[in-house]
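**Student:** My questions will all concern the structure given below.
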């Protein structure tokens, strides 16, 4: 499949971009190569696509079902009740809706943790986006459950090869207060052997820190380090309760973080992500939306604005997380964390690409495309999405979207009545 | 002008809505009255329009020109330099761009404070939206400037009648650190005599409180109360540095507030708006975007999400500012503050109306329209806008938008080179 984008704004110039099987072969003022598909880039800007560092895709089914509640009753009376009833088919439609939503928001890769692994793998394969998918690993410190989960994860890892290149198997140990030390050690060994990424909630709340101190006599990071779980494969999500000692350990081990600002606010987790500490320490971090029960939109563009503005406010420094850096974190840094290669639009590279419609008031006068993207635009400015060398959306149309919305809506409504 | 909206979702039912000169005459399952204009409401929801409680409209011209800077150099080296060069025609195109942007975001009324009053009045009249427009009143405690400003405001008040019903004259004393006591007292008397709203920056930063304590030996609110400026006509914007004593005084006088969360974060003002205190005291407040130099989008829908989530986070209470209350604050409470009548879609009332396109992933499964509006949607879901009985946008098209964007872009680019 070859794609030719004609006359698009790229880094301040107007260029043609020729893509062959996802690889950018030519960027020039006028490309004359024949292409399978030609896209008119007039009045649009080409940028690398956005990457969602943390979500639970199929929770789109729960969007707007339970908001504005205390955490405990929200989980126990609403979310867990629905989750206990979820079928493989429910998760498939929820995840497919999530993929549709993310494509429309310019997101082509996401890091997922949820039940019914294969349903999400089928969804990303059908939607042709990149999913880093983990099964939720929870054993509640029970040996029987641990054995089940280990066996399931072994099976899923073997199965995952069938869903490449769209789905990539990752480990999803839920959190240290739901997964035993022995299970974490098993994941450590298996992840080293097979070179698998580990996706885990880390230092989200003060409760988690208390749990870790009481059970292990160490902070969450110190405990995970004591069992050798931290490495360049480790992706810790949230990180609100990290301190200086934790940051030093994470840096030393090469671990990565995902900041999830919208969810942290909505659930009122009580701690502020330590931007200055993490930035100073030099730990790579990108942004995640979390699932739709705690956000309620899988919108990395919006999350960039929240992240940048909250960083400025909480450090009392308006120069923190400037627009270009924020955009790069959601694209280049994220791509590095997920081992997607260099995520820039240059010859020889193969980033996913989005085209932004500039003919909108929020891009006037367009002094700075990165400022406009982070502070002014919303995700409806994404006009075209190219992922793994295929055009997933053009002129804001994703083929099949009506059916996905209808089936997902039916699924959600049936689920709450079940 | 009569408008018939057919088959639209309204409060959980499908209804026809018949509007005559802005007044809702009929809401019924099937309306057979002939209308000048019929709008297909299928798959859409009707809601009252959003109201922007605080902005500086023409600052759209500065969008993306200077971000991520310390406040002092941002103002002194960038913003004030451009503002000193602004002409009446510049402000007209900047304000027109702002009106276009707000219409597209479902905002039909806004509270403005800026230079070249008549340019903004012309813009709202041409765009047929409601502008509560104040000239920036700054005298820097100099008698000569004070006399000039008073004379100008008297003239503008007289002139404003020409721009009704679109433009409404208000007073815009910038802040107590830029306006003398004598000028505030003059505005107090004139505003009582003519029943004029007063739009003022209030308790935005700790610096302002310090200034007031040093100059007057009182907090900003205590000082304003000591000169009798506070009343139901008084609209204080920001309010981050208010304390319990201030809140009691504001409540006692019937004053109103506008919360401006995105700007507060971006400029890192250092204080958190006291939601719990203001809510407990029962002071009506709505939301403002601020100008595009400190936001950078005139998007009240986005501001609702910031406001609600920040309120939850900063009070450690996820039940704060629930979705329906947040939506009502941006619509009904705001309409009350600006004396626009009851802002609900009911027979006999005359709110401005927006239609929301529900056929989008972020409205699936649509368990709760208010949750979806506040937490999931972005403003591109606004499909149709009706203001003062006229259709300003249908199917996301505002007549003349290309010219406005082109002229505003030219204006901004010429301004920075001038």
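Chains as they are written, first to last, in our numbering: chain A, 709 to 1126; chain B, 709 to 1126.
Cβ coordinates follow ideal geometry from the N, Cα and C atoms, glycine included.
Fair warning: this is a prediction, and the values are worked out from it, not measured in the lab.
Straight-line CA distance for residue 913/A to residue 1003/A?
**Tutor:** Counted from its first residue, the first chain places residue 913/A at position 205. Counted from its first residue, the first chain places residue 1003/A at position 295. Going by the C-alpha atoms only, they are around 17 Å apart.
**Student:** Would you call residue 791/B buried or exposed, if buried means 16 or more other Cβ atoms sit within 10 Å of its Cβ?
**Tutor:** Position 83 of the second chain, counting from 1, holds the residue named residue 791/B. By the 10 Å Cβ count, residue 791/B comes out buried.
**Student:** At a CB distance below 8 Å, what residues from the stretch 773 to 788 of chain A approach chain B? Give them in sequence order.
**Tutor:** 773, 775, 776, 777, 778, 779 and 782
**Student:** Looking at the secondary structure, which residues open and close the beta strand (DSSP E) in which residue 822/A lies?
**Tutor:** Numbered from 1 along the first chain, position 114 holds the residue referred to as residue 822/A. Where residue 822/A is concerned, the enclosing beta strand (DSSP E) stretches over 815 to 822.
**Student:** Contact criterion: CB-CB distance below 8 Å. Does residue 1083/B meet it with respect to chain A?
**Tutor:** The count along the second chain starts at 1 and reaches residue 1083/B at position 375. So, interface residue.
**Student:** Which residues in chain B have a C-beta closer than 7 Å to the C-beta of residue 989/A? List them in chain order.
**Tutor:** Within the first chain, numbered from 1, the residue matching residue 989/A stands at position 281. Under the 7 Å cutoff, chain B gives no residues; its nearest Cβ is about 21 Å from residue 989/A.
**Student:** With a threshold of 8 Å between beta-carbons, can residue 1107/A be considered close to chain B, or not?
**Tutor:** Position 399 of the first chain, counted from the start, is the residue given in the question as residue 1107/A. No, no contact with chain B.
**Student:** Beta carbons nearer than 9 Å to chain A: which residues of the stretch 1062 to 1086 of chain B have them?
**Tutor:** 1067, 1068, 1069, 1070, 1071, 1072, 1073, 1074, 1075, 1076, 1077, 1078, 1079, 1080, 1082, 1083, 1084, 1085 and 1086
**Student:** Count the C-beta pairs between the stretch 825 to 834 of chain B and the stretch 1076 to 1093 of chain B that are closer than 8 Å, then say yes if the count reaches three, no if not.
**Tutor:** no
**Student:** With respect to the beta strand (DSSP E) encompassing residue 927/B, which residues constitute its N-terminal and C-terminal limits?
**Tutor:** One-based indexing of the second chain puts residue 927/B at position 219. Following the DSSP letters along the chain, one finds residue 927/B in no beta strand (DSSP E), marked with neither H nor E.
**Student:** In the DSSP output, which residue or residues are listed as bridge partners for residue 942/A?
**Tutor:** Numbered from 1 along the first chain, position 234 holds the residue referred to as residue 942/A. Looking at the DSSP assignment, residue 942/A forms a beta bridge with 906/A.
**Student:** Can you say whether residue 999/B is buried or exposed, counting buried as having 16 or more other CB atoms within 10 angstroms of its CB?
**Tutor:** Counting from one through the second chain, the residue named residue 999/B turns up at place 291. With 16 or more Cβ atoms within 10 Å of its Cβ, residue 999/B is classed as buried.
**Student:** Pick helix, strand or coil for residue 792/B, following the three-state DSSP scheme.
**Tutor:** Walking along the second chain from the start, residue 792/B turns up at place 84. Residue 792/B: helix per DSSP, three-state reduction.
**Student:** Excluding sequence positions up to five away, which residues of its chain have a Cβ less than 6 Å from the Cβ of residue 741/A?
**Tutor:** Taking the first chain and counting its residues from 1, one reaches residue 741/A at position 33. These residues qualify, in order along the chain: 726.
**Student:** Would you call the CB atoms of residue 724/A and residue 712/A closer than 8 Å?
**Tutor:** What you label residue 724/A is simply residue 16 of the first chain in a count that begins at 1. What you label residue 712/A is simply residue 4 of the first chain in a count that begins at 1. With contacts defined by Cβ atoms closer than 8 Å, residue 724/A and residue 712/A form a contacting pair.
**Student:** Taking buried to mean at least 16 other C-beta atoms within 10 Å of its own C-beta, is residue 891/B buried or exposed?
**Tutor:** Along the second chain, read from residue 1 onward, the residue named residue 891/B stands at position 183. So residue 891/B counts as buried.
**Student:** Using DSSP with H/G/I as helix, E/B as strand and the rest coil, what is residue 836/B?
**Tutor:** Walking along the second chain from the start, residue 836/B turns up at place 128. DSSP places residue 836/B in coil when its eight states are reduced to three.
**Student:** At 4 residues or longer, and completely inside the stretch 949 to 995 of chain A: list those alpha helix (DSSP H) runs for me, N to C.
**Tutor:** 952 to 961, 969 to 974 and 983 to 989
**Student:** By DSSP, does residue 1069/A sit in helix, in strand, or in coil?
**Tutor:** As a first step, residue 1069/A is located in the first chain; it is residue number 361 there, counting from the start. In the structure shown, residue 1069/A sits in a helix (DSSP, three-state: H, G or I).
**Student:** When you compare only the Cα positions, how much space is there between residue 971/A and residue 819/A?
**Tutor:** Here residue 971/A is taken as the residue at index 263 of the first chain, counted from 1. Here residue 819/A is taken as the residue at index 111 of the first chain, counted from 1. The C-alpha of residue 819/A is placed about 15 Å away from the C-alpha of residue 971/A.
**Student:** Hey, residue 1072/B and residue 1116/A: beta-carbon distance below 8 Å or not?
**Tutor:** Walking along the second chain from the start, residue 1072/B turns up at place 364. Walking along the first chain from the start, residue 1116/A turns up at place 408. Yes, they are a contact pair.
**Student:** Find out if the Cβ-Cβ distance for the pair residue 824/B, residue 799/B is shorter than 8 Å.
**Tutor:** Indexing the second chain from 1 puts residue 824/B at position 116. Indexing the second chain from 1 puts residue 799/B at position 91. Cβ distance < 8 Å, so residue 824/B and residue 799/B count as in contact.
**Student:** Can you give the Cα-Cα distance for residue 1082/B and residue 721/A, rounded to whole angstroms?
**Tutor:** As a first step, residue 1082/B is located in the second chain; it is residue number 374 there, counting from the start. As a first step, residue 721/A is located in the first chain; it is residue number 13 there, counting from the start. So the alpha carbons of these two residues sit roughly 38 Å apart.
**Student:** State the DSSP-derived secondary structure class of residue 734/B, mapped to helix, strand or coil.
**Tutor:** For the purposes of this step, residue 734/B is identified with residue 26 of the second chain, where counting begins at 1. Correct three-state label for residue 734/B: strand.
**Student:** My output table needs one value for residue 743/A: the three-state DSSP class, helix, strand or coil.
**Tutor:** Position 35 of the first chain, counting from 1, holds the residue named residue 743/A. Reduced to three states, the DSSP call for residue 743/A is coil.
**Student:** Taking only the alpha-carbon atoms, compute the straight-line gap between residue 961/B and residue 1051/B and give it to the nearest angstrom.
**Tutor:** Counted from its first residue, the second chain places residue 961/B at position 253. Counted from its first residue, the second chain places residue 1051/B at position 343. Between residue 961/B and residue 1051/B, the alpha-carbon positions lie close to 24 Å from each other.
**Student:** List the residues of chain A that residue 1026/B touches, going by C-beta distances under 8 Å, in chain order.
**Tutor:** Against the second chain, residue 1026/B aligns to sequence position 318. What residue 1026/B touches in chain A: 776, 777, 778, 779, 782, 974, 975 and 976.
**Student:** Quick one: does residue 1103/B have its CB under 8 Å from some CB of chain A?
**Tutor:** The residue labelled residue 1103/B in the question sits at position 395 within the second chain. No, residue 1103/B does not count as interfacial toward chain A.
**Student:** Going along chain A, which residues have a C-beta under 9 Å from residue 809/B?
**Tutor:** For the purposes of this step, residue 809/B is identified with residue 101 of the second chain, where counting begins at 1. Within chain A, 1068, 1069, 1070 and 1072 have C-beta atoms less than 9 Å from the C-beta of residue 809/B, given in sequence order.
**Student:** Grab the span of the alpha helix (DSSP H) containing residue 1011/B for me, first residue to last.
**Tutor:** Working through the second chain from its first residue, we reach residue 1011/B at position 303. For residue 1011/B, the enclosing alpha helix (DSSP H) begins and ends at 1008 to 1023.
**Student:** Buried or exposed: where does residue 903/A fall if 16 or more other Cβ atoms within 10 Å of its Cβ makes it buried?
**Tutor:** Mapped onto the first chain, residue 903/A falls at position 195. Taking every protein chain shown into account, the CB of residue 903/A has fewer than 16 other CB atoms within 10 angstroms, so this residue is exposed.
**Student:** Compare the beta carbon distance of residue 759/B and residue 1035/B with 8 Å and say whether it is the shorter of the two.
**Tutor:** Along the second chain, one-based indexing puts residue 759/B at 51. Along the second chain, one-based indexing puts residue 1035/B at 327. It is not a contact, given that the beta carbons lie outside the stated cut-off.
**Student:** Within the continuous alpha helix (DSSP H) that includes residue 863/B, where are the two ends?
**Tutor:** Within the second chain, residue 863/B is the residue found at index 155, counting from 1. Run containing residue 863/B: 851 to 868, per the alpha helix (DSSP H) assignment.
**Student:** Under DSSP, the beta strand (DSSP E) around residue 1101/A begins and ends at which residues?
**Tutor:** Walking along the first chain from the start, residue 1101/A turns up at place 393. Per DSSP, residue 1101/A belongs to the beta strand (DSSP E) from 1098 to 1101.
**Student:** Under 8 Å by Cβ, that's how I've got residue 811/B and residue 1101/B pegged, so tell me the actual separation to the nearest angstrom.
**Tutor:** Along the second chain, read from residue 1 onward, the residue named residue 811/B stands at position 103. Along the second chain, read from residue 1 onward, the residue named residue 1101/B stands at position 393. Confirmed, Cβ separation roughly 5 Å.
**Student:** What are the residues of the stretch 858 to 872 of chain B that lie near chain A, defined by any Cβ-Cβ distance shorter than 8 Å?
**Tutor:** none
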